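For the record, in the sequence shown the residue sitting at position 12 is 14 according to this note's numbering, with numbers rising by one throughout.
The structure appears below as structure tokens.
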Amino acid sequence: MTRLAGAVIGMAAVALVVAYLAFGWPVLLVGGPLFAGVAITVLALVLTERPRAALRERRAAHTGDSPWKSAVDRGERAGSGLMSGFFEAGPQPGALPEQRPAPAPGARLAGAR
3 MTRLAGAVIG
13 MAAVALVVAY
23 LAFGWPVLLV
33 GGPLFAGVAI
43 TVLALVLTER
53 PRAALRERRA
63 AHTGDSPWKS
73 AVDRGERAGS
83 GLMSGFFEAG
93 PQPGALPEQR
103 PAPAPGARLA
113 GAR
């Protein structure tokens, strides 16, 4: 993760330098804050990755199963969840209402003169 973060920050720095050489100092008005934002975001992700990995390992060691497995994979009954029955079709009506044929191409509407 740290190498990837370094690569992202390095590419952003190279892009900023190339833009500065091509367009001059006005690029720094936009590129400087963007580079700072990228650096802060990537730094925050790197710093929070270690605690998240430790939490993930602790949870896996505690339960032995991943919480992301489906109920069928864990051997549970699948019909007891928030979305259970969501994709099931409801009861359908027995008979369709009477269908009327479409009017002929030259027919006038009822009540029209």
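Even for Gly, the Cβ is constructed at its ideal location relative to N, Cα and C.
The structure presented is a predicted model; accordingly, all values stated were derived computationally and were not measured.
- Residue nearest to G39 within the set P53, I11, A24, E51 is I11 (criterion: CA-CA distance).
- Comparing alpha-carbon positions, the option among T4, L23, P107, P95 lying closest to A46 turns out to be T4.
- Shown here, P35 sits in a helix according to DSSP, grouped into three states.
- Non-local C-beta neighbours of A7 in its own chain, meaning closer than 6 Å and more than five positions away in sequence, comprise V44, V48, ordered along the chain.
- One alpha carbon belongs to A14, the other to L30, and they sit about 13 Å apart.
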